[in-house]
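Residue numbers (the UniProt record's numbering), protein chains in the order written: chain A, 1 to 342; chain B, 1 to 342; chain C, 1 to 342; chain D, 1 to 342. We treat Cβ as the ideally placed atom computed from N, Cα and C, and that holds for glycine. See below for the structure under consideration.
There are 4 protein chains.
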Amino acid sequence: MTTTRVAILGASGYTGAELVRLLARHPSMEIVAITADRKAGQEMADVFPHLAILDLPALTSIDEVDWAGVDAVFCALPHATTQKVIAGLPERLKVVDLSADFRLEDPEAYAKWYGHEHSEIELQKEVVYGLPEFYRDRIRDARIVANTGCYVATALIPLIPVFRAGLADPDWVVIDAKSGVSGAGRSAKEANLFTEVSEGFHAYSVAAHRHMGEIDQELSKAAGRSVVATFTPHLLPQNRGILATTYLKADAEAVHAHLSKQFAGEPFVHVLPFGKTPATRHVRGSNHCLIGVVADRQQGRTIVISVLDNLVKGASGQAIQNMNLMLGLPETTGLEQLPLFP
Amino acid sequence: MTTTRVAILGASGYTGAELVRLLARHPSMEIVAITADRKAGQEMADVFPHLAILDLPALTSIDEVDWAGVDAVFCALPHATTQKVIAGLPERLKVVDLSADFRLEDPEAYAKWYGHEHSEIELQKEVVYGLPEFYRDRIRDARIVANTGCYVATALIPLIPVFRAGLADPDWVVIDAKSGVSGAGRSAKEANLFTEVSEGFHAYSVAAHRHMGEIDQELSKAAGRSVVATFTPHLLPQNRGILATTYLKADAEAVHAHLSKQFAGEPFVHVLPFGKTPATRHVRGSNHCLIGVVADRQQGRTIVISVLDNLVKGASGQAIQNMNLMLGLPETTGLEQLPLFP
Amino acid sequence: MTTTRVAILGASGYTGAELVRLLARHPSMEIVAITADRKAGQEMADVFPHLAILDLPALTSIDEVDWAGVDAVFCALPHATTQKVIAGLPERLKVVDLSADFRLEDPEAYAKWYGHEHSEIELQKEVVYGLPEFYRDRIRDARIVANTGCYVATALIPLIPVFRAGLADPDWVVIDAKSGVSGAGRSAKEANLFTEVSEGFHAYSVAAHRHMGEIDQELSKAAGRSVVATFTPHLLPQNRGILATTYLKADAEAVHAHLSKQFAGEPFVHVLPFGKTPATRHVRGSNHCLIGVVADRQQGRTIVISVLDNLVKGASGQAIQNMNLMLGLPETTGLEQLPLFP
Amino acid sequence: MTTTRVAILGASGYTGAELVRLLARHPSMEIVAITADRKAGQEMADVFPHLAILDLPALTSIDEVDWAGVDAVFCALPHATTQKVIAGLPERLKVVDLSADFRLEDPEAYAKWYGHEHSEIELQKEVVYGLPEFYRDRIRDARIVANTGCYVATALIPLIPVFRAGLADPDWVVIDAKSGVSGAGRSAKEANLFTEVSEGFHAYSVAAHRHMGEIDQELSKAAGRSVVATFTPHLLPQNRGILATTYLKADAEAVHAHLSKQFAGEPFVHVLPFGKTPATRHVRGSNHCLIGVVADRQQGRTIVISVLDNLVKGASGQAIQNMNLMLGLPETTGLEQLPLFP
């Protein structure tokens with residue numbers, strides 16, 4: 001098997017570290033460059049001591065990467081700086097972008113949600129949205145894939161099939177989502193201190209979170225008409241895991257039957273028996289997404305609960321799944337780690 | 001000021017211990033008896049070492065209590081055993097019951113939600129439902145008060161005024177609630193082990209939680225017609241705190257204005273500025289309830305977020321607030337502790 | 001009773017907020033000024049939402065305080081900036097300083113541990129070290145009291161009597177200490193993020209922590225000769241609480257008997273029955289210190305375990321206890337809150 | 001490569017589940033039987049939902065196992081019941097026992113620490129103590145290996161080489177150890193509830209923990225004379241990880257040099273640069289042990305800090321490492337998972 005030489009851009013954050021964790025054990029990829037502009041020159045062991053046992057290249061700036069020795073790129077840079085970086089990469093490179101910079105197909109939606117103009121509108125046209133369970137064929141042929149947002153993957157993996165099949169009322173979608181703290185990244189903010197997060201719970205960005213742009217886009221595509229979901233994110237006092245509780249006007253048994261059939265062959269998406277619901281701890285550290293469907297006592301209402309690990313299926317694992325597809329590898333390669341519990 | 005001599009029945013659980021914590025510093029009540037049938041004979045210091053610094057009577061069985069020396073009773077016994085115990089108490093005693101045994105006015109609803117017949121239907125008729133912000137006058141005259149359930153208090157303190165005023169569509173109520181683990185009590189169950197709860201999140205009793213009986217009762221009374229809310233409880237990896245995110249079909253500004261006015265004089269209920277939302281950690285250990293109201297981006301939808309400490313305003317603090325009313329004391333007596341943060 | 005008008009300097013940190021929490025319910029003190037230079041002009045409710053229910057003065061800069069209306073000052077400023085601030089205060093003010101700036105009596109020790117010269121050597125001479133259980137009489141007459149460090153209070157409350165009585169070998173002191181994260185303050189540092197602290201444990205500043213200067217000073221005074229303890233601090237994944245496990249060459253029963261006698265009348269220090277050991281959760285939010293003494297299986301070795309809440313008895317509660325003494329108030333005034341558990 | 005067919009006895013506890021997690025991805029072992037007497041007949045997915053994605057045999061009782069189809073056994077049964085079970089197994093099976101039943105070579109020591117007679121004294125003679133870094137050769141030839149206790153592995157991996165080399169005073173060993181809650185197993189005990197463990201810290205079994213029998217045995221063998229260490233275990237509010245802080249009378253640089261050399265070729269034991277210390281979170285979920293050595297400021301005292309994941313290198317990973325040796329496989333087979341952080 002040929003080995004694909006990969007670069008990880010932006011390796012000083014949690015999704016970058018998670019890419020290293022997974023790729024270091026990937027049988028067909030080799031990490032040849034890792035960058036972190038502000039920490040260029042340091043060893044990964046100093047930035048992430050849990051990776052000290054690996055033999056990794058030192059961190060460099062993006063400018064220092066020798067692209068001749070690179071076949072594929074994972075881009076885990078902050079939103080807004082990514083568009084220009086990817087536009088500047090050699091065109092022969094396969095790219096999975098974990099930022100939000102290329103997720104919105106409509107540049108006006110991008111400008112609305114991110115507060116500035118899209119700088120690479122032409123490039124956007126060739127980007128494929130990276131939800132492999134729904135866009136597998138297009139991802140295989142893509143040069144650039146925009147990895148989905150973590151909240152979006154959690155909520156929409158069950159909802160897209162439901163709306164494609166017309167099983168739920170598009171005017172009645174309430175997504176109540178809860179995320180672990182690692183979704184906020186590693187930057188030193190008062191709001192994410194242990195003392196500010198532990199032993200407590202709160203909602204944030206209520207009716208204002210940027211992931212709604214993506215949710216609108218994908219739900220509307222699925223429903224074949226405009227869908228505007230209600231979406232409320234909350235912050236959980238835990239490191240990993242997102243759980244979305246979604247309320248639909250739909251027949252629960254029909255939803256369950258359809259999802260069960262839809263995902264029967266999927267390696268990473270699992271529909272629980274009717275009436276059973278999942279926990280984030282049961283996917284911790286793995287690339288799996290679990291889905292439960294319950295009939296509300298109100299006739300005609302369905303409660304769908306979905307979970308995944310925001311750093312794996314919600315970010316770095318998903319990115320590798322996408323890259324596997326782009327490289328013609330079996331989709332599960334390097335992603336078979338089981339959940340870590342407790 | 002006269003001192004009221006109180007007995008706490010069922011002091012080996014968390015609500016019992018919380019009653020002791022609060023009553024030990026209450027200027028007008030004195031703890032004269034504490035019971036715990038299975039731990040009779042032990043000292044409270046052995047059962048709850050954080051209370052060892054207090055000079056408390058030893059734990060006894062209920063049978064051993066000398067009722068002649070008791071003026072008022074807090075009953076923190078398990079559901080189902082409480083009805084008979086309270087029926088057997090001398091009639092001159094004031095009683096606040098923290099169990100669910102007398103919360104449902106309709107014995108058929110009781111039988112439906114609790115799975116067995118109500119054994120004290122006559123007694124039920126004189127019980128007053130213990131939400132002081134709405135039933136203050138009746139509580140003042142009551143002999144027996146049924147303290148509200150913790151989820152119910154959290155979700156309904158903001159909803160009752162909204163439905164009384166006809167500000168929201170009664171057919172469109174989705175309550176997504178999240179509780180800390182202390183709500184599950186102190187009994188040794190695998191599901192509540194640290195290893196099973198920490199670093200993870202899940203829903204439970206979806207579409208089946210017993211508190212829905214109370215929610216139906218109180219929302220229906222408020223709306224003047226039958227209301228069947230969708231209600232999903234979740235378990236948070238934290239000790240204390242409940243947060244309810246409620247989705248309504250209503251005008252958010254009207255809801256906010258009404259709640260602000262309604263609660264303007266309340267000592268323990270506070271409505272945040274429009275658009276701001278509360279966190280459970282900001283009420284930890286206190287008897288306060290905070291409410292936030294946000295306009296959803298979907299016109300005509302309102303998101304209401306309310307928080308309280310399930311062991312205080314959701315249980316033992318509420319019970320003392322009720323007893324203060326029953327005894328003619330200022331409602332806030334002994335309940336002015338500020339939240340403990342971090 | 002006269003009311004003492006107090007200013008809190010540096011109220012945007014956790015010890016400042018804890019002073020507000022406790023002083024707002026203190027029957028003989030009134031908060032008339034709270035400062036936070038970088039947040040001057042803001043309301044405390046914005047900086048600490050859990051205190052929003054209080055009616056507090058707005059935050060100001062120190063320069064804006066009208067000292068004419070102030071009788072006493074709690075100084076919760078960062079180390080190194082405090083010496084000059086206190087030197088500039090009107091001399092008639094009573095001051096409790098929560099920083100480390102005046103704890104070390106020897107200016108050379110100060111320079112060694114804090115890396116710069118002491119700027120107020122004359123002022124230092126009149127400062128009293130604020131461990132009320134041992135320096136009560138001198139604190140009563142003091143104008144400026146240097147509140148003890150949190151690790152120092154935890155470890156030394158049991159050790160000072162032991163060494164004063166000559167019960168342990170001064171060459172054989174190993175203090176293994178563990179602290180909750182709130183001890184690190186509220187500044188936004190990567191190392192204190194939830195994701196970096198939760199679900200893990202580590203030692204820090206091994207053989208190098210600044211509190212060793214204080215430990216040396218106080219143990220040497222107690223022993224009447226130089227004592228150099230081994231001291232290792234660790235960071236616990238919890239908000240509050242310090243536990244020190246101290247290993248001594250001493251007779252455990254003699255140590256226990258002496259400590260029991262020594263602290264028999266103390267309101268805030270409690271010696272557990274021989275062989276029993278305390279938990280940090282049993283003092284959470286309170287001003288209590290619990291001490292356990294166990295005989296090691298190695299004859300002649302004693303294990304002493306002591307706990308307190310680092311923000312209360314380790315900082316703000318201790319400061320109020322000191323100020324009560326300085327003002328001639330009963331020592332426990334405003335400090336009778338019971339521990340919050342769970 | 002031949003596949004070894006393995007049975008896991010006692011799979012309803014955390015070490016059993018961890019064996020399943022690791023063995024399900026082991027390239028040379030196949031799980032053919034898993035037992036849990038009280039849950040016989042259930043699916044593993046019901047007992048441990050995080051393993052639901054695996055295709056596993058149903059749980060059976062031990063009696064139901066068809067030994068003809070089994071080559072090797074991991075025994076994760078409770079202490080005291082294990083001796084008879086292992087004595088009853090076919091002699092051709094390779095066995096790694098994770099209980100304490102065969103760890104103590106001296107039956108009198110066993111009786112002293114475990115409170116009952118050893119029932120299989122003859123069998124004990126052929127058991128090899130399972131610390132692969134020190135007994136690798138004997139383990140290769142063993143039929144039965146007694147996996148080390150989790151505290152013992154943590155503390156002794158660095159100490160055995162130090163005492164073998166005579167680098168530390170055997171009369172001066174203080175081990176202050178801290179463990180996550182998963183070490184207490186999955187049985188439903190009040191003391192291990194989330195509410196009793198989180199947001200707090202305490203010592204337990206002070207001067208009385210059973211692992212001291214093993215520590216004595218192994219330190220004494222290493223030192224060539226009787227060593228009686230002081231050992232204090234504490235309970236951390238986290239799931240996984242043990243950290244031991246050990247105080248020695250020794251030259252720190254000599255200790256560091258010796259350990260660095262000793263472990264230079266070890267795949268799972270890593271000595272950090274002199275003066276650096278490890279965190280439990282940096283080994284979470286992995287089979288690695290990290291060691292830090294610091295010179296105390298007291299001349300002649302050395303502080304050694306070692307960490308591992310109690311369920312992996314402290315139990316199930318270690319067991320697989322031992323079994324790999326017994327089967328002639330490369331020692332690291334199936335154990336290369338990287339730590340999960342955050």
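Does chain A have any CB closer than 7 Å to the CB of residue i?
| i | result |
| --- | --- |
| Glu108 (chain B) | no |
| Leu193 (chain C) | yes |
| Ala279 (chain C) | no |
At a Cβ threshold of 7 Å, is residue i touching chain B?
| i | result |
| --- | --- |
| Gly317 (chain A) | no |
| Ile303 (chain A) | yes |
In the DSSP assignment, what residue or residues form a beta bridge with residue i?
| i | result |
| --- | --- |
| Glu18 (chain D) | According to DSSP, which records beta bridges pairwise, Glu18 (chain D) is partnered with nothing at all. |
| His270 (chain B) | B:Leu290 |
| Glu30 (chain C) | C:Arg5 |
| Asp97 (chain C) | C:Cys75, C:Ala146 |
| Ile305 (chain A) | A:Thr245, A:Gly292 |
Look at the alpha carbon of residue i and the alpha carbon of residue j, and state the distance between them as a whole number of angstroms.
| i | j | result |
| --- | --- | --- |
| Ala207 (chain B) | Leu236 (chain D) | 36 Å |
| Lys178 (chain C) | Val73 (chain C) | 30 Å |
| Gly328 (chain A) | Ala33 (chain A) | 22 Å |
| Ala146 (chain A) | Ile303 (chain A) | 29 Å |
| Ala184 (chain D) | Ala100 (chain D) | 14 Å |
| Asp141 (chain D) | Pro170 (chain D) | 31 Å |
| Leu272 (chain C) | Ala244 (chain C) | 15 Å |
| Ala68 (chain A) | Arg92 (chain A) | 10 Å |
| Ser119 (chain A) | Ser182 (chain D) | 50 Å |
| Glu266 (chain B) | Cys75 (chain A) | 53 Å |
| Gln337 (chain A) | Pro339 (chain D) | 12 Å |
| Glu196 (chain C) | Gln238 (chain B) | 18 Å |
| Lys112 (chain C) | Ala11 (chain C) | 29 Å |
| Arg138 (chain C) | Pro132 (chain C) | 9 Å |
Assuming residue i and residue j are in contact, meaning their beta carbons sit under 8 Å apart, how far apart are those beta carbons, in whole angstroms?
| i | j | result |
| --- | --- | --- |
| Ile291 (chain A) | Tyr151 (chain A) | 15 Å between Cβ atoms; not a contact. |
| Arg186 (chain C) | Tyr14 (chain C) | 5 Å |
| Ala109 (chain D) | Gln217 (chain D) | 7 Å |
| Phe194 (chain A) | His234 (chain A) | In fact, because the Cβ distance is near 18 Å, the residues do not count as touching under 8 Å. |
| Thr154 (chain D) | Glu214 (chain D) | Not quite, the Cβ-Cβ distance comes to about 12 Å (not below 8 Å), so this is no contact. |
| Val255 (chain D) | Val293 (chain D) | 5 Å |
Quick one: does residue i have its CB under 7 Å from some CB of chain C?
| i | result |
| --- | --- |
| Gly285 (chain B) | yes |
| His282 (chain B) | yes |
Strictly under 7 Å for the Cβ-Cβ distance: is residue i near chain D by that measure?
| i | result |
| --- | --- |
| Thr245 (chain C) | yes |
Can you list, in chain order, the residues of the segment 144–178 of chain B whose Cβ is nearer than 8 Å to any Cβ on chain A? Val174, Asp176, Lys178
Scan the UniProt domain "Semialdehyde dehydrogenase NAD-binding" (5–142) of chain D for residues whose Cβ lies nearer than 8 Å to a Cβ of chain A and list them as they occur along the chain. Tyr14, Ala17, Arg21, Ala24, Arg25, Phe48, Pro49, His50, Leu51, Ala52, Ile53, Leu54
Could you name the residues of the segment 199–210 of chain D whose beta carbon sits closer than 9 Å to any beta carbon of chain C, in the order they occur along the chain? Glu199, Gly200, Phe201, His202, Ala203, Tyr204, Val206, Ala207, Ala208
Going along the chain, which residues of the segment 218–242 of chain A sit with their C-beta nearer than 8 Å to a C-beta in chain C? Pro237, Gln238, Asn239
Short of 7 Å Cβ to Cβ, which residues in the segment 315–342 of chain C face chain B? Glu336, Gln337, Leu338, Pro339, Leu340, Phe341, Pro342
Counting only Cβ-Cβ distances shorter than 7 Å, please list the residues of the segment 263–274 of chain C near chain B, keeping chain order. His270
Please identify, using Cβ separations under 7 Å, the residues of the segment 179–191 of chain D that lie next to chain A, in order along the chain. Ser182
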